[in-house]
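Novice: Under the numbering used here, read the sequence shown as residues 4 to 325, first letter to last.
Heads up, the beta-carbon is just placed ideally off N, CA and C, and yes, glycines get one too.
The structure presented is a predicted model; accordingly, all values stated were derived computationally and were not measured.
One structure coming up, written as structure tokens, with questions to follow.
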Amino acid sequence: VLCGFTLTLVCLLHARRQFPGCGNIVTFSQFLFIAVEGFIFEANFGRKKPAIPIRYYFIMVAMFFTVSVVNNYALNLNIAMPLHMIFRSGSLIASMALGVIILKKRYSVSKYTSIALVSLGIFTCTFMSAKQVASDSSLNEEDGLQVFLWWLLGIAALTFALLMSARMGIFQEMLYKQFGKHSKEALFYNHALPLPGFLLLAPNIYHHALLFNQSELFQVPVIGLTLPIMWFYLLMNVVTQYVCIRGVFILTTECTSLTVTLVVTLRKFVSLIFSILYFRNPFTAWHWLGTSFVFVGTLMYTELWNSLGPFLARWRKRPKEE
Numbered sequence: 004v005l006c007g008f009t010l011t012l013v014c015l016l017h018a019r020r021q022f023p024g025c026g027n028i029v030t031f032s033q034f035l036f037i038a039v040e041g042f043i044f045e046a047n048f049g050r051k052k053p054a055i056p057i058r059y060y061f062i063m064v065a066m067f068f069t070v071s072v073v074n075n076y077a078l079n080l081n082i083a084m085p086l087h088m089i090f091r092s093g094s095l096i097a098s099m100a101l102g103v104i105i106l107k108k109r110y111s112v113s114k115y116t117s118i119a120l121v122s123l124g125i126f127t128c129t130f131m132s133a134k135q136v137a138s139d140s141s142l143n144e145e146d147g148l149q150v151f152l153w154w155l156l157g158i159a160a161l162t163f164a165l166l167m168s169a170r171m172g173i174f175q176e177m178l179y180k181q182f183g184k185h186s187k188e189a190l191f192y193n194h195a196l197p198l199p200g201f202l203l204l205a206p207n208i209y210h211h212a213l214l215f216n217q218s219e220l221f222q223v224p225v226i227g228l229t230l231p232i233m234w235f236y237l238l239m240n241v242v243t244q245y246v247c248i249r250g251v252f253i254l255t256t257e258c259t260s261l262t263v264t265l266v267v268t269l270r271k272f273v274s275l276i277f278s279i280l281y282f283r284n285p286f287t288a289w290h291w292l293g294t295s296f297v298f299v300g301t302l303m304y305t306e307l308w309n310s311l312g313p314f315l316a317r318w319r320k321r322p323k324e325e
């Protein structure tokens, strides 16, 4: 999953560097590719009945749409982008909290500690990167109370989106327990059902398609096909995103919502670190500290020490036996 995401990120950064507003055409292409692939190979051209009732997929899509809209709208409520990024780094804690409240789960002390370390590490890296970003929003001193109230509303919106996102993960986990593991089916319906919504973005998508056509020509290695380089970046992004998201949906059927949230959060962390290095932003001692927190927390969560214990014990006994 992380390898696929890294390749996706490389292609996306190349595309956004030339056309910063190309996010809609990239997202639409990803959804369309996954939906068409699923319609052919999973839904058998619509002849295969879904194992999970389709109404549940509508609920999942509605949750995802609500989270996306609320997160985007929060930026209009005096919420600066750095604060927005920092707030979303709390997804692990939100997932664990709802797991305890809704699913009545109990975790070991090491699990609580590992989640706290990963969250602290991501918060540290995000906060230090956010300090390097100049906020574009200028607050009106005369309307201080009004600005503050809008800001509080923005915080409430971010909190709602954070909890809704965690609830969506738990909803998926409960569905798979009830109806069985159907990751390919879930992948198809979660990308096919939202497609009509892209009609609202059609003018922007068409505009960027024309811009992509005007980009410099590029000859694809091995096959020798020549096409505009932006379409090549988009194609590579779509393919690698498919590999990445396919892995995530398989994880949702095999692992708990908390584990999936950890993987997705680590994916965001890789995105942050990679963008820092790619754009040659300062990588300070605080970034190293945050990275070490994430690394140690991840090792604790996977309980790698317990797996290595018997191996190290056998390795130590060998010299004595010889």
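Compute the Euclidean distance between the alpha carbons of K108 and G102, then round it to the nearest angstrom.
Specialist: Their backbone Cα atoms lie some 6 Å apart in a straight line.
Novice: Quick one: Cα of T287 to Cα of F90, how far?
Specialist: Going by the C-alpha atoms only, they are around 21 Å apart.
Novice: What would DSSP say about Q217, mapped onto helix, strand or coil?
Specialist: Residue state, collapsed to three classes: coil.
Novice: Assess, as a yes-or-no matter, whether the region 227-244 is touched by the region 161-180 under the definition of 3 or more beta carbon pairs within less than 8 Å.
Specialist: Output reads no: the region 227-244 does not touch the region 161-180.
Novice: Buried or exposed for G124, please, with buried defined as at least 16 other CB atoms from any protein chain shown within 10 angstroms of its CB.
Specialist: Buried.
Novice: Rounded to a whole number of angstroms, what is the C-alpha to C-alpha distance between N79 and E45?
Specialist: Going by the C-alpha atoms only, they are around 40 Å apart.
Novice: Name the residue from G300, A159, F182 whose alpha carbon lies nearest to the alpha carbon of P56.
Specialist: For the residues G300, A159, F182, the minimum Cα distance to P56 belongs to F182.
Novice: Just the Cα atoms here: how many angstroms apart are L249 and V150?
Specialist: In the sequence under discussion, the amino acid at residue 249 is Arg, which differs from the Leu named in the question. Rounded to the nearest angstrom, the two C-alpha atoms are 42 Å apart.
Novice: Would you call G24 buried or exposed, if buried means 16 or more other Cβ atoms sit within 10 Å of its Cβ?
Specialist: Exposed: under 16 other Cβ atoms inside 10 Å.
Novice: Using only CA atoms, which one of G227, V246, L203, M63 lies nearest to M177?
Specialist: The candidate whose alpha carbon is nearest that of M177 is M63.
Novice: Indicate the three-state DSSP secondary structure (helix, strand or coil) for Y245 in the structure shown.
Specialist: Y245 falls in the helix class under three-state DSSP.
Novice: Can you give the Cα-Cα distance for V251 and P285, rounded to whole angstroms?
Specialist: Between V251 and P285, the C-alpha separation is close to 31 Å.
Novice: Using a 10 Å radius around the Cβ and a threshold of 16 neighbouring Cβ atoms, would you call Q222 buried or exposed?
Specialist: Looking at its Cβ environment, which holds fewer than 16 other Cβ atoms inside 10 Å, Q222 is exposed.
Novice: Determine the direct distance from the alpha carbon of L261 to that of K180, and round the result to whole angstroms.
Specialist: Rounded to whole angstroms, K180 to L261 spans 15 Å at the Cα level.
Novice: Less than 8 Å separating the beta-carbons of V121 and T301?
Specialist: Yes, they are a contact pair.
Novice: Which of helix, strand or coil does DSSP assign to I43?
Specialist: I43 falls in the helix class under three-state DSSP.
Novice: State the CB to CB distance for the pair F296 and T127, rounded to an integer number of angstroms; the pair is presumed to be in contact (CB under 8 Å).
Specialist: Rounded, the Cβ-Cβ distance is 7 Å, consistent with contact.
Novice: Rounding to the nearest angstrom, what Cα-Cα distance links T229 and Q33 in this structure?
Specialist: Cα to Cα, T229 sits roughly 22 Å from Q33.
Novice: Tell me the DSSP secondary structure of P206 in three-state form.
Specialist: Helix, per DSSP.
Novice: Looking at the structure shown, is L106 part of a helix, part of a strand, or coil, going by DSSP?
Specialist: It is coil, neither helix nor strand.
Novice: Determine the DSSP secondary structure at P23, reduced to helix, strand or coil.
Specialist: In this structure, P23 counts as coil in the three-state DSSP scheme.
Novice: Could you check what DSSP says for L142 in three-state terms: helix, strand or coil?
Specialist: Any reading at L142 needs caution, since the residue's pLDDT is 46, under 50, leaving its predicted position unreliable; the model's value is listed next. Looking at L142 - three-state DSSP - the assignment turns out to be coil, as it is neither helix nor strand.
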